[in-house]
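Undergrad: Numbering (our numbering), first residue to last: 7 to 140.
Every residue, glycine too, gets a C-beta built ideally from N, C-alpha and C.
This is the structure I have questions about; it appears just below.
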């Protein structure tokens, strides 16, 4: 049996609870999120600020958790890496016009349902694994 590093357990609990709350919020407060995300379309400052915050969080996660094990903690490492990649794309490569088109395409209730459900499932899995329930 593989020993799970303590930082994996702590990060899984934090990320799991965070993702669970975000998923529930996406499902319950859809209209609020649609309005907020809709404002990104013409506001590059907000997009850049969010991308910088995401980059910082991704770098912190990856710096604290560079574990590529064949066990559930790899999910935490992958979350950090995906945050770094996505935020870098927004900061350097994706023009604001494309962001606007992406917002128009994805900023609809069905996408919030899909993302909400996926977030809830991933959050519950991380929470369950970190507390030894699964």
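Return the chain-ordered list of same chain residues with a C-beta closer than 7 angstroms to the C-beta of residue 60, the five sequence neighbours on each side being excluded.
TA: Counting only Cβ-Cβ distances below 7 angstroms, and skipping sequence neighbours, we find 89, 92, 93.
Undergrad: Output needed for residue 97: all residues of its chain with C-beta closer than 6 angstroms, excluding positions within five of it in sequence on either side, in chain order.
TA: Here the set comprises 57.
Undergrad: Does DSSP put residue 101 in a helix, a strand or coil?
TA: Three-state result, residue 101: coil.
Undergrad: Please report the straight-line C-alpha distance between residue 102 and residue 129, rounded to a whole angstrom.
TA: About 30 angstroms.
Undergrad: Just to confirm my understanding: we take residue 82, look at its own chain, exclude 5 residues before and 5 after, and list those with CB closer than 7 angstroms. What are they?
TA: The residues are 14, 17, 18, 21, 67, 71.
Undergrad: Using a Cβ-Cβ cutoff of less than 8 angstroms, which residues in the same chain neighbour residue 27 once the five nearest sequence positions on both sides are dropped?
TA: Around residue 27: 129.
Undergrad: Can you give me the C-alpha to C-alpha distance between residue 47 and residue 65, rounded to a whole angstrom?
TA: Residue 47 and residue 65: Cα-Cα distance of roughly 26 angstroms.
Undergrad: Is it buried or exposed for residue 138, if we count other Cβ within 10 angstroms and need 16 for buried?
TA: Exposed.
Undergrad: Near residue 77, what residues of its chain come up, given a Cβ to Cβ distance below 6 angstroms and the 5 sequence neighbours on each side ignored?
TA: The residues are 8.
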